[in-house]
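Working notes, beginning with the structure itself.
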Amino acid sequence: MRVLITGPDGLLGSAIVRCLIEDGHDTRVLVQPDRDSGTLSGLPVETCVGDILDATAVRDAVRGVDAVIHAAASTSIWPPRSPRVREVNIEGTRNLLDAAEHAGISRFVHIGTANSFAPGSKEQPGDERGSYVGARYGLDYMDSKYEAQKLVLARASDGRLPALTVNPTFMIGPYDATPSSGTMLIRLCQGRIPGYTSGGKSWIDSRDVARAACNALTLGRTGESYIAGNENLSYREFFEKAAAVMGVQAPARAIPRSVSLIIGTLASGVSSLTRKPPLISRAVARLGTEDHYYSAAKARRELAMPTTPVERAVEDCFAWLRDHGYLEGER
112 MRVLITGPDG
122 LLGSAIVRCL
132 IEDGHDTRVL
142 VQPDRDSGTL
152 SGLPVETCVG
162 DILDATAVRD
172 AVRGVDAVIH
182 AAASTSIWPP
192 RSPRVREVNI
202 EGTRNLLDAA
212 EHAGISRFVH
222 IGTANSFAPG
232 SKEQPGDERG
242 SYVGARYGLD
252 YMDSKYEAQK
262 LVLARASDGR
272 LPALTVNPTF
282 MIGPYDATPS
292 SGTMLIRLCQ
302 GRIPGYTSGG
312 KSWIDSRDVA
322 RAACNALTLG
332 RTGESYIAGN
342 ENLSYREFFE
352 KAAAVMGVQA
362 PARAIPRSVS
372 LIIGTLASGV
382 SSLTRKPPLI
392 SRAVARLGTE
402 DHYYSAAKAR
412 RELAMPTTPV
422 ERAVEDCFAW
432 LRDHGYLEGE
442 R
């Protein structure tokens, strides 16, 4: 099968490309102009250069492929309201859908986010039946990803495109060149995390999500969504596991919810004046004090998604960051 992947050089995209190659697919990547993270170096892929907001470039990239995995997105959460984020995530997705429908492809796999479904507790984790509650955080990232997902599922519902969504929780793994989630491990390694908040979330190895996405080319049901998550851990539990793997001290101080929200509010206010992103915004502070736990039973059952221990994800992410000079102020 010839497969196009957008966003191929990010944390998840880099892992998806490797899965596609491993499975024997002819892999075409759509890379943004003037972007080179280095994570695809030496891989046997066909490269197209173009922006997902360029409908002509997207149509050219889709021409001749059998399937599309759409992983490109803007994950920026500062500023919280951003026309650019909405444009990339909604209009970029619309361009891919239009091109894929025009080309008559056999499967469209959209990478969404678990945030498009209501989270739950450890005892009753959220699943794909949950409604969207992310609007309460005031983040265009969450809102736009939910709206993009609705576009995808509407095409499937109308019978216009055989599409489904894979919805990751919080991913950790190698090839995190930005870095994204790896920033947390860098700060932990450098002793720059002063404490832990009261919340928690579902953590997953990015390579497990990649495997689910690649399996979705032939498994799963069109018109369906699949939450891709693994271990539901509080921040305290995660930091203890990660610190043990990395050989550093885990933060021992509990940060009260009220303190976290005050810090986030003040930092957001200062950033509004300086135009520089805050270390922690009010929305992020709020998220950090709440439980965002999910069940991935459906993805394990229907997409044969593996579940790698979070310690392995941390170990491999940490090793990749270290080997590429992201630690100890090397980059």
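With the numbering used here, the residue at position 300 of the sequence shown is 411, and numbering never jumps. Where is the CB? At the ideal position from N, CA and C, for every residue including glycine.
What are the boundary residues of the alpha helix (DSSP H) that residue i is part of?
i	result
ARG139	Taken as a continuous stretch (DSSP letters only), ARG139 belongs to no alpha helix (DSSP H), being part of the beta strand (DSSP E) at 137-142.
VAL169	166-173
ALA126	122-133
ARG205	203-214
From residue i to residue j, what distance separates their C-alpha atoms?
i	j	result
TYR307	PRO388	21 Å
ARG192	ASP251	5 Å
ILE180	ARG318	15 Å
GLY334	VAL114	20 Å
ALA183	ASP145	15 Å
LYS256	ASP427	28 Å
ARG322	HIS136	13 Å
ILE132	THR138	7 Å
GLN301	PHE350	13 Å
LEU296	LYS312	16 Å
GLY231	VAL199	29 Å
THR150	ARG174	25 Å
THR117	LEU141	5 Å
ASP434	LEU122	16 Å
GLU227	GLN260	The amino acid occupying residue 227 in the given sequence is Ser; Glu does not appear at that position. Going by the C-alpha atoms only, they are around 8 Å apart.
SER217	VAL381	49 Å
SER187	MET253	10 Å
SER185	SER406	25 Å
CYS159	THR167	12 Å
ILE338	ASN206	24 Å
GLU441	TRP189	Here the model assigns GLU441 a pLDDT of 47, short of 50, so the residue's position is not dependable and the matter cannot be decided.
VAL169	SER152	22 Å
TYR248	PRO236	20 Å
SER148	THR289	8 Å
GLY241	ALA229	5 Å
GLU212	THR204	12 Å
ALA126	VAL244	29 Å
ALA214	ARG195	27 Å
PRO362	GLU157	45 Å
ILE391	SER379	8 Å
VAL128	VAL320	12 Å
ILE374	GLU258	30 Å
THR276	SER369	36 Å
ARG303	GLU439	12 Å
Which two residues bound the contiguous beta strand (DSSP E) that contains residue i?
i	result
MET282	281-283
ARG197	Element bounds for ARG197: not the beta strand (DSSP E) but the alpha helix (DSSP H), 194-197.
ILE304	Neither: ILE304 is in no beta strand (DSSP E) and is coded neither H nor E.
ILE297	Careful: ILE297 lies outside any beta strand (DSSP E), inside the alpha helix (DSSP H) at 293-300.
ALA178	178-181
VAL160	157-160
ILE188	Counting along the chain, ILE188 falls outside any beta strand (DSSP E), and DSSP gives it neither H nor E.
THR117	113-117
ILE222	218-222
Around the Cβ of residue i, are there at least 16 other Cβ atoms within 10 angstroms (buried) or fewer (exposed)?
i	result
LEU272	buried
THR385	exposed
GLU239	buried
ILE163	buried
ALA430	exposed
PRO155	exposed
PRO367	exposed
THR294	exposed
THR280	buried
GLY436	exposed
LYS409	buried
ARG449	Since the first residue shown for the chain is 112 and the last is 442, residue 449 is missing from the structure and cannot be characterised.
ASP269	exposed
ALA172	buried
LYS233	exposed
ARG197	buried
ALA246	exposed
Of all Cβ atoms in chain D, is any one closer than 8 Å to the Cβ of residue i?
i	result
LYS387	Although the question refers to chain D, the structure presented lacks it and comprises just one protein chain.
Does at least one heavy atom of the ligand ADP sit under 7 Å from the Cβ of residue i?
i	result
ARG332	The model on display carries no ligand, and the ligand ADP is accordingly not part of it.
**Message:** At 4 residues or longer, what runs of the alpha helix (DSSP H) sit wholly inside the stretch 309-370?
**Reply:** 317-326, 346-357
**Item:** Three CB pairs or more closer than 8 Å across the stretch 393-400 and the stretch 279-295
**Value:** no
**alpha helix (DSSP H) runs wholly inside the stretch 381-422, at least 4 long, in chain order** = 393-399, 408-413
**Asked** Quick check: the stretch 293-308 against the stretch 322-342, are there 3 or more CB pairs under 8 Å?
**Response** no
**Request:** Specify whether the stretch 402-421 and the stretch 323-338 touch according to this definition: at least 3 beta carbon pairs, one from each stretch, less than 8 Å apart.
**Result:** yes
**Prompt:** What residue ranges within the stretch 228-290 form continuous alpha helix (DSSP H) runs of no fewer than 4 residues, ordered along the chain?
**Reply:** 251-268
**Message:** Contact between the stretch 343-357 and the stretch 418-425 is defined here as three or more beta-carbon pairs at a separation below 8 Å; is this criterion met?
**Reply:** yes
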